[in-house]
Every structure is written in C-alpha cells, then in structure tokens.
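Residue numbers (our numbering): 100 to 364.
The structure is reproduced here in structure tokens:
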C-alpha cells in the first residue's frame with residue numbers, strides 16, 4: 100500500500116528506492132515499477148525501467164505483475180515468500196492454494212503438489228504445469244545488474260531473510276523454485292515430498308519456536324491428503340509386485356498410525 104510520502108515521489112526518488120531494494124525485497128521493486136509505469140513511463144517500457152535500476156526488462160515485468168496482482172493481500176500471508184505468489188500468479192485457485200501454504204508453512208514444491216492433488220492429478224506422473232515466466236536457474240547480483248549462475252564459486256551462498264549484504268536478489272525459496280522448474284523439464288529425479296523438497300535449514304530464531312499441536316495436525320492432514328491422492332487404482336494394482344520388505348514396511352506404517360489414532364473421539 101503506497102504511503103502519502105511515496106505518492107509524491109519524483110522519478111529519481113522512485114528509481115533510488117527500487118535500487119536500494121535490489122538485495123532484499125522483490126515487493127518494493129514491483130511496487131516501484133508499477134508506480135513508475137503509471138506516472139513516468141510516457142511510452143517507455145519495463146526494459147527502460149530495468150536499465151535505470153540494473154535489471155532486465157523481463158525481471159522488472161515479473162515483479163511488476165506480481166505486485167499488481169497481490170499488492171492488496173500479500174501481507175495477509177506472513178509465512179510465504181515472494182516466489183510463492185510468483186508461482187501462483189496465473190492460477191485461478193491462487194487464493195485457496197496460498198492460504199493452505201501459509202497455514203502449514205509449505206514450500207513451493209509442496210504447494211504445487213497439493214494443488215495437483217486437489218485437482219485429481221496423478222502425483223506419480225510428471226507435472227505439466229510451467230512457471231508463469233521463464234525461470235532460469237540463476238540469481239541476480241544487485242551490485243552489477245548482471246545474472247550469475249548459482250554454481251559460481253564466487254557467488255558465495257544463500258542470504259538470510261532481511262540481510263542487506265548485496266548477495267542474491269531472490270531468497271532461499273526462489274532458489275528452490277528455480278530447481279523445481281529445472282526438474283519439470285527433465286532435470287534430476289525428484290519426489291515432491293522427499294527431504295530434498297524442503298529448503299535449507301530454518302533461521303535460528305525459527306528453530307527456537309516450539310511447534311504447536313495445531314501445526315503438527317495441520318501438517319499431518321496435508322501429508323495424509325497427499326498420500327490418499329497418490330494411491331490411485333493403478334498404483335494399488337501394482338502393489339503386489341513390490342518387494343516383500345516394502346509391503347511390510349507399508350503395512351507397519353498403516354498399523355502404527357491406526358493404533359495411535361484409534362482412541363481419538
């Protein structure tokens with residue numbers, strides 16, 4: 100939401116604010132780009148604004164579109180990253196998916212898999228969905244305005260949320276989104292609910308927070324719903340072909356779960 104001070108910003112002030120946000124806030128960049136387009140563009144494009152702040156036209160367009168679509172609601176989802184909204188930009192059920200992801204603090208991969216499950220898709224099959232924009236597996240360094248590959252040793256590492264160190268423009272979740280997009284077009288073997296689907300370790304202050312019973316149950320519900328959706332008739336038909344040890348492990352898991360919940364009202 101624009102403040103009174105921001106409503107009278109000059110073009111130079113707007114550009115400066117966007118430049119200062121390069122290292123930590125895609126929302127501010129999107130807001131500045133949208134405001135600049137309305138007030139000062141005069142026939143100029145996202146590429147022109149990008150030249151002023153050190154981004155490509157596509158990068159400006161992405162952030163502007165996300166801001167224009169979610170500016171009035173994004174603060175209602177404190178547990179989500181900008182990249183969650185980026186992925187959901189063209190979804191007709193974006194509000195429902197974002198709400199679910201916010202409630203259980205889901206990763207992008209988990210949110211996308213949950214959406215597929217709700218739509219009755221086979222989670223064992225490759226996802227046909229694509230990101231709303233081209234998403235290369237790279238990061239932007241705000242000091243230079245050029246794209247650098249994440250595998251570059253000189254890149255350093257992932258930044259913590261809120262740091263203004265001039266490293267990556269995108270945060271940990273954006274990096275995860277890049278890897279997810281790569282897997283969708285034939286990258287590494289990937290399962291949306293394995294350990295690799297979850298991002299890097301949470302920050303120190305988050306690890307000190309005790310997980311509540313409500314959060315645990317919400318996550319259990321989400322996991323059970325995903326399992327239920329993935330056990331399609333085709334999967335169950337091939338169950339007998341699995342190894343005995345795997346069948347026994349599956350039955351033990353069901354028995355243990357049933358034993359734990361049998362006394363619930």
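Heads up, the beta-carbon is just placed ideally off N, CA and C, and yes, glycines get one too.
Run of the alpha helix (DSSP H) containing residue i, from where it starts to where it stops
i	result
residue 116	110–119
residue 317	312–329
residue 309	Taken as a continuous stretch (DSSP letters only), residue 309 belongs to no alpha helix (DSSP H), as it is neither H nor E.
residue 344	343–360
residue 334	332–336
Beta-carbon separation (whole angstroms), residue i vs residue j, contact threshold 8 angstroms
i	j	result
residue 162	residue 132	6 angstroms
residue 329	residue 223	6 angstroms
residue 324	residue 216	6 angstroms
residue 134	residue 151	Not a contact, Cβ separation roughly 13 angstroms.
Where residue i sits in the DSSP three-state scheme
i	result
residue 223	coil
residue 280	Reliability fails at residue 280, whose pLDDT of 42 lies under 50, so the model's placement of it is uncertain and the value that follows must be treated cautiously. Three-state DSSP puts residue 280 in a helix.
residue 218	coil
residue 123	coil
- Query: Just checking, does the segment 127–136 make contact with the segment 160–171 on the three C-beta pairs under 8 angstroms criterion?
  - Reply: yes
- Task: Evaluate the contact criterion for the segment 203–218 versus the segment 310–324: three or more CB pairs, one atom per stretch, below 8 angstroms.
- Result: yes
- Message: In chain order, what are the residue ranges of uninterrupted alpha helix (DSSP H) at least 4 long that sit wholly in the segment 137–209?
- Response: 145–152, 156–169, 181–186 and 193–203
- Message: Under 8 angstroms: do the segment 171–184 and the segment 135–149 share three or more Cβ pairs, one atom per stretch?
- Response: no
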